[in-house]
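Visitor: Sharing a structure below in structure tokens format, with a few things to ask.
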DNA sequence: GCCGTTTTCGGCCCGACTGTTTTCAGTCG
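Residue numbers (this note's numbering): 17 to 588.
What follows is the structure in structure tokens.
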């Protein structure tokens, strides 16, 4: 079993925590954290890069030393430096870093004064009232720690974007009622349309004497006020979501939007650009000495860096600054570019609505076409179609299309990829369809090589047009299965198969980086809602969000094609 | 420990809030 990037990153992070607690050089600590971020977010497995003989020290924030450590980790699973550090500093201390308000210095103080090594030790000490007596702590610190421990639940999950919207929208509506409020905007990963959101960053401009902060902390969903100042407050809502509110002068609104939209890496890169030009960039503007030379709009900030405006979805420091400098930013796809939807279910299998209702809903959304892609027979839990029932559905579609001219229903099926890579229906049935969607729905735990071969074999079938939800992951629920996506994409490019970006908010499968990889390899993408009801068709916008994060343009996406061109593409 | 369009050495993003201080360190984003 190859070592996951995530495991490597976790080890580097733990090492960074322990080194920081020991009081190591803070820049060395940061180097490990930066490396952890690079490895965790890298679209290809370190093990594969090594297999291909690539030089890991070419990766950002990875130098010779860390390249060697990753090599060793992949080869043997060992990180000797971490073992060594754990000999002298209890490894559970890194867990304490997750408690809000406790950082390296204070953990070290607790460890030295009270021999606190674990969360349980901390709990007991807090209950006994020992913490208040440690130098640098007091009554309030002890009380805060107690409160945090009650809520502490280990690894905190990030919130799906769709849920974050449900939390953010009423809050924004409420905030708009604050006296003296002028502008309001949500920043952070929410604005970058990341698939999950850690906390909400809300930005406001207001009149001098406004009561925005009081209004904010009075919100009925507020469970706890973490901090409250004139320009910045943090609360927890009852749902557990952290919300940061910042108030900035209007003249700084653009700079603040830029700053608080992030990503962190993008901001750091922009700041460095600024420094090179002799400017200082912060949330109040771009400064030359004491003079503010930009900041009212985001565009003005980029302009001072000699860059065009960069869309929030691209701000991940994954090459967007270089692309901007060269004038090669993608013209990102928009919701209006979509002409149809190539993955939808009906009552015939596990959908909730009839073919007609689905078709009407698609027409109402201005689509030219909608593909009905019910499940195939192997998926018995979903009442998958056998040949006979499929035939019946095709007749119904013919009849429907005969009566309509504002939308065309495409005949298709989401056919199961069997364990050996064969498809769940014979070619004689598949060739009757406008196109075929293939998907893995069982045997998620095959070894990587077998899983990859299974999917490659399915792509080999001349009747396969699109591979649906390619990784099988469910956000916060199920990891992607083990497979070699790059190989799949290369094969798809070779054979002219498209790959789906499934727009279900809990799938968003492909990931943003995988979208970019597909694009770079020349693979076309189908952004599809996998709708199980008429209202699910609205998930398209989440697919668009993800596609934009993956640098996709209209020309990369098959369902931006008009019907005739799409059908031509599917001709075999 | 990483990195370089003035650098292979000497930098490394920076401002707000809190609590425990009596002028600021620690933490966070």
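Just so you know, even glycine gets a beta-carbon here, dropped at the ideal spot from N, CA and C.
In the region 523-565, which residue ranges form an unbroken alpha helix (DSSP H) of at least 4 residues, counting only runs that do not cross its ends?
Guide: List check, alpha helix (DSSP H) in window: 528-537 and 556-565.
Visitor: Is it buried or exposed for residue 43, if we count other Cβ within 10 angstroms and need 16 for buried?
Guide: The residue in question, residue 43, is exposed, as its Cβ has fewer than 16 Cβ neighbours within 10 Å.
Visitor: Helix, strand or coil, according to DSSP, for residue 300 in the structure here?
Guide: Residue state, collapsed to three classes: coil.
Visitor: Would you check if the distance between the CB atom of residue 519 and the CB atom of residue 483 is smaller than 8 angstroms?
Guide: No.
Visitor: DSSP state of residue 46, grouped into three classes?
Guide: It is helical.
Visitor: Roughly how many whole angstroms lie between the Cα atoms of residue 284 and residue 230?
Guide: Between residue 284 and residue 230, the C-alpha separation is close to 32 angstroms.
Visitor: Could you check how far apart the C-beta atoms of residue 513 and residue 472 are, in whole angstroms? I think they sit under 8 angstroms.
Guide: Actually they do not touch by this definition, with Cβ atoms about 10 angstroms apart.
Visitor: Runs of 3 residues minimum, wholly inside the region 361-430: which ones carry the beta strand (DSSP E) assignment?
Guide: Segments of the beta strand (DSSP E) lying fully in the region 361-430: 385-388 and 424-427.
Visitor: Assuming residue 203 and residue 258 make a contact with CB atoms under 8 angstroms, what is their CB distance in whole Å?
Guide: With a Cβ gap of about 14 angstroms, residue 203 and residue 258 do not count as contacting.
Visitor: Which residue marks the beginning of the alpha helix (DSSP H) containing residue 90, and which one marks its end?
Guide: 80-92 is the extent of the alpha helix (DSSP H) around residue 90.
Visitor: Which residue spans inside the region 282-354 form an unbroken alpha helix (DSSP H) run of at least 4?
Guide: You should have 314-320 and 336-341.
Visitor: Going by DSSP, which residues form a beta bridge with residue 201?
Guide: Residue 201 is bridged to 219.
Visitor: Would you call the CB atoms of residue 378 and residue 423 closer than 8 angstroms?
Guide: For residue 378 and residue 423, yes; Cβs fall inside 8 angstroms.
Visitor: Note down, in chain order, each residue of its chain lying with its Cβ closer than 6 angstroms to the Cβ of residue 77, except the 5 sequence neighbours on either side.
Guide: Closer than 6 angstroms at the Cβ level, and outside the excluded window around residue 77, lie 50, 51 and 54.
Visitor: For the putative contact between residue 146 and residue 215, defined by C-beta atoms under 8 angstroms, what is the C-beta separation to the nearest angstrom?
Guide: Incorrect: roughly 31 angstroms between the Cβ atoms, too far for contact.
Visitor: With a Cβ-Cβ cutoff of 8 angstroms, do residue 212 and residue 175 count as a contact?
Guide: Yes. Within cutoff.
Visitor: Let me know the secondary structure DSSP gives residue 477 once reduced to three states.
Guide: Residue 477 falls in the coil class under three-state DSSP.
Visitor: May I have the straight-line CA-CA distance separating residue 589 from residue 516, to the nearest angstrom?
Guide: What the structure shows of the chain is the stretch from 17 to 588, and residue 589 is not part of that stretch, so it cannot be assessed.
Visitor: Per DSSP, what are the beta-bridge partners of residue 244 in this structure?
Guide: Beta-bridge pairing links residue 244 to 249.
Visitor: Please list the terminal residues of the continuous beta strand (DSSP E) segment that includes residue 21.
Guide: Run containing residue 21: none in the beta strand (DSSP E); it sits in the alpha helix (DSSP H), 21-38.
Visitor: Are the CB atoms of residue 314 and residue 564 nearer to each other than 8 angstroms?
Guide: Not in contact: residue 314 and residue 564 (Cβ atoms no closer than 8 angstroms).
Visitor: Just checking my contact of residue 526 with residue 534 at CB under 8 angstroms: how many whole Å lie between their CB atoms?
Guide: Indeed, because the Cβ distance is near 7 angstroms, the residues count as touching under 8 angstroms.
Visitor: Using a threshold of 7 angstroms, is the CB atom of residue 71 nearer than that to any non-hydrogen atom of the ligand NAD?
Guide: Although the ligand NAD was asked about, the structure shown includes no ligands whatsoever.
Visitor: Name the two residues that bound the continuous beta strand (DSSP E) containing residue 262.
Guide: 258-263 is the extent of the beta strand (DSSP E) around residue 262.
Visitor: Expressed to the nearest angstrom, what Euclidean distance is found between the alpha-carbon atoms of residue 343 and residue 506?
Guide: Approximately 28 angstroms between the Cα atoms of the pair.
Visitor: Below 8 angstroms between beta carbons: does that hold for residue 405 and residue 445?
Guide: The answer is no: Cβ separation not under 8 angstroms.
Visitor: Could you have a look at residue 433 and say whether DSSP puts it in helix, strand or coil?
Guide: Strand at residue 433.
Visitor: Give the secondary structure of residue 592 by DSSP, where H, G and I count as helix, E and B as strand, and everything else as coil.
Guide: A query on residue 592 cannot be resolved here, the shown segment of the chain reaching from 17 to 588 and no further.
Visitor: If contacts are defined as beta-carbon pairs under 8 angstroms, then residue 491 and residue 522 qualify, I think. What distance do you get, rounded to the angstrom?
Guide: The pair is a contact, with the Cβ atoms about 5 angstroms apart (cut-off 8 angstroms).
Visitor: Could you give the DSSP three-state label for residue 357: helix, strand or coil?
Guide: Of the three classes helix, strand and coil, the one that applies to residue 357 here is strand, per DSSP.
Visitor: If we count Cβ pairs, one from each stretch, closer than 8 angstroms, do we get three or more for the region 435-453 versus the region 384-398?
Guide: Yes, they touch.
Visitor: Let me make sure I understand the geometry here. Which of 580, 325, 467 and 245 has the alpha-carbon closest to that of residue 436?
Guide: The shortest C-alpha separation from residue 436 is found at 467.
Visitor: Determine the extent of the alpha helix (DSSP H) in which residue 184 is found, giving its start and end residues.
Guide: First-last of the alpha helix (DSSP H) with residue 184: 177-191.
Visitor: Note down, in chain order, each residue of its chain lying with its Cβ closer than 6 angstroms to the Cβ of residue 237, except the 5 sequence neighbours on either side.
Guide: Excluding residues within five positions, the ones whose Cβ falls inside 6 angstroms are 253 and 254.
Visitor: Let's test the definition: count the other Cβ atoms within 10 Å of the Cβ of residue 73 and tell me whether it reaches 16, buried, or not, exposed.
Guide: Exposed, since its Cβ has fewer than 16 Cβ neighbours within 10 Å.
Visitor: Could you tell me the boundaries of the beta strand (DSSP E) in which residue 453 lies?
Guide: From DSSP, the beta strand (DSSP E) with residue 453 extends over 453-455.
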